[in-house]
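Quick note on our numbering: the sequence shown kicks off at 635 and runs consecutively.
One structure is given here, and the rest of the page talks about it.
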Amino acid sequence: MSDHIIRATAADAFVRAFAATTRDMVEDARTAHNTSPVMTAALGRLLTAGAMMGLNMKGEDDVLTLKIDGDGPGKGLVVTADGSGHAKGYAVNPVVLLPARAEDHKLDVKGAIGAGTLSVIMDTGLKEPYIGQTELISGEIAEDLTYYYAVSEQIPSSVGLGVLMNRDNTVKAAGGFIIQLMPGAPDDVMTRLEQRLAVMNSVTSFLEGGKTPEEMLDFLLGDMDLEITDSIPCSFYCNCSKEKVSKALISVGRKDLTEMINEGKPITVNCHFCNKNYTFNTEELKTLLTKSLS
Ligand SMILES: [Zn+2]
């Protein structure tokens, strides 16, 4: 099943929903950053959420950033997504080794993230980007996003995210859903939704059973006139390029560029989001310096 996100409505459009399958996206992130299992799960959950949430943006150049700052050993996560299913991101500390949680033998994402904040930044080309920030209430990410939606955007929501690993630490399955109640939703819609969510074990159990995003939403909203309106491919994608990195280098200023040239050694610039390295030799740096003068 190739990675994709479905968009849907239910209950006379009082319910808005997304569901995603993101195995390749999370595996590509793992390969790029060489993350340990618990950080693969943490980053994978946030990437999955980002890819879904990004689809709410309308403009081609709009960028959504999800940032988690935590006091746990993983320190934090940064994910950005566009409005067409592309997401990229990194863990501040990609290699955290923690024992599985005693209660259910699952990866201890909460232990890796710790206490801290979740920031949601939406840059839609306006002068000031929209910034919402809430405390982490769990560190498991899905619950933190549910809390964010309730407090910062006043949208009652249910967010479920999951990443399953193979024994060799590659990603077996990943995915999730976001379900939101629109203003004015009748009480019985909320009650029925709560009942369905209560009998659902977890996203992980859906993933273990090989369920598609369509089947996930059908389970949760199937008796509420579910209508799938869209299916969008999604992927781990970084839009960095040598040209973009050059522009960043030019912007560091003439003084620093001159120092780099005088060192006489090539310099390497790393893209945090995809971990790709760009090397500039002295000749290339001199060309950039000339550009910075013009
Ligand atoms: Zn990159």
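Even glycine gets a Cβ: it sits at the ideal position worked out from N, Cα and C.
All values reported here derive from a predicted model rather than from experimental measurement.
In this structure, residue 642 lies near residue 851, with their beta-carbon atoms less than 7 Å apart. Listed as beta-bridge partners of residue 799 by DSSP are 805. Leaving aside the five residues that flank residue 905 on each side, the residues in its chain whose CB is nearer than 6 Å to its CB run, in chain order, 874. Taken through DSSP and simplified to helix, strand or coil, residue 829 comes out as helix. Proximity annotation: ligand 1 has residues 722, 872, 874, 905, 907, 908, 910 in chain order, each selected because its CB is closer than 7 Å to a heavy atom of the ligand. For residue 837, the enclosing alpha helix (DSSP H) has its first and last residue at 837 to 842. With at least 16 other beta carbons inside 10 angstroms of its own, residue 792 counts as buried.
Of the residues assessed, residue 701 falls on the buried side of the cut-off, its CB having 16 or more other CB atoms within 10 angstroms. DSSP, read as helix, strand or coil, puts residue 926 in helix. By alpha-carbon distance to residue 870, the top candidate from 877, 657, 849, 644 is 657. At a Cβ-Cβ threshold of 7 Å, residue 866 and residue 639 count as neighbours.
The beta carbon of residue 692 sits closer than 8 Å to the beta carbons of 717, 758 from its chain, once the five residues preceding and following it are set aside; these are given in chain order. Here residue 894 is buried, its C-beta having at least 16 other C-beta atoms within 10 Å. Shown here, residue 713 sits in a strand according to DSSP, grouped into three states.
By the C-beta criterion, the stretch 911 to 923 is judged not to be in contact with the stretch 721 to 738, since fewer than 3 inter-stretch pairs fall below 8 Å. Taking every protein chain shown into account, the CB of residue 833 has fewer than 16 other CB atoms within 10 angstroms, so this residue is exposed. For the stretch 636 to 674, the full-length beta strand (DSSP E) segments reaching 3 residues or more read 638 to 644, 649 to 655 along the chain.
In the three-state reduction of the DSSP assignment, residue 743 falls in the helix class.
Per DSSP, residue 853 is one residue of the alpha helix (DSSP H) stretching across 847 to 855. Taking residue 917 as reference, the option from 846, 907, 897 with the minimal CA-CA separation is 897.
Judged by DSSP secondary structure, residue 751 falls outside any alpha helix (DSSP H) and instead within the beta strand (DSSP E) spanning 750 to 757. Per DSSP, reduced to three states, the secondary structure at residue 694 is coil, with no helix or strand assignment. Closest by C-alpha distance to residue 802, out of 636, 650, 651, 669, is 669.
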